[in-house]
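Structure first, commentary second.
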Amino acid sequence: MAILLPQQFFNLPASVGKSYYENLAGGINAAVTVNNNSGFPVNLVLYRVNAPVVSYVIPAFNSLTLAVHALLVAGLLSTAAGAVFGTIEVATSDF
């Protein structure tokens with residue numbers, strides 16, 4: 247069964263990070279969508295069970311959707327280039 251969590255808006259000053267999803271009970275399969283509506287890049291940082299931390303750069307005025315196995319934490323990190331804003335949405339699944 248899939249669960250679509252509410253869309254969250256982010257507005258981060260330069261060089262600031264924030265967690266937007268946490269499942270510390272062993273991880274869950276999920277899809278993460280980030281829409282970067284700002285003029286600066288934002289980093290999507292994913293922590294997974296028994297896997298290295300991965301980071302994806304989402305350029306200005308772009309979006310990214312990823313399917314993630316055993317997701318623990320999904321967060322965003324702005325760069326020193328400037329403040330960022332947009333949306334992040336997580337859909338979890340039992341597949």
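In terms of the working numbering, the sequence shown opens at residue 247 and continues consecutively. Even for Gly, the Cβ is constructed at its ideal location relative to N, Cα and C.
* Asked: So does the stretch 297 to 309 actually touch the stretch 257 to 265, counting three or more Cβ pairs closer than 8 Å?
  -> no
* Asked: Would you call valine 295 buried or exposed, if buried means 16 or more other Cβ atoms sit within 10 Å of its Cβ?
  -> exposed
* Taking buried to mean at least 16 other C-beta atoms within 10 Å of its own C-beta, is glycine 272 buried or exposed? -> exposed
* Measure the C-alpha to C-alpha separation of phenylalanine 286 and leucine 270 and round it to an integer number of angstroms. => 30 Å
* Asked: serine 324 and alanine 306 look like a contact to me (Cβ under 8 Å); what is the Cβ gap, rounded to whole Å?
  -> Rounded, the Cβ-Cβ distance is 12 Å, inconsistent with contact.
* What is the rounded straight-line gap between the Cα of leucine 250 and the Cα of alanine 276? -> 9 Å
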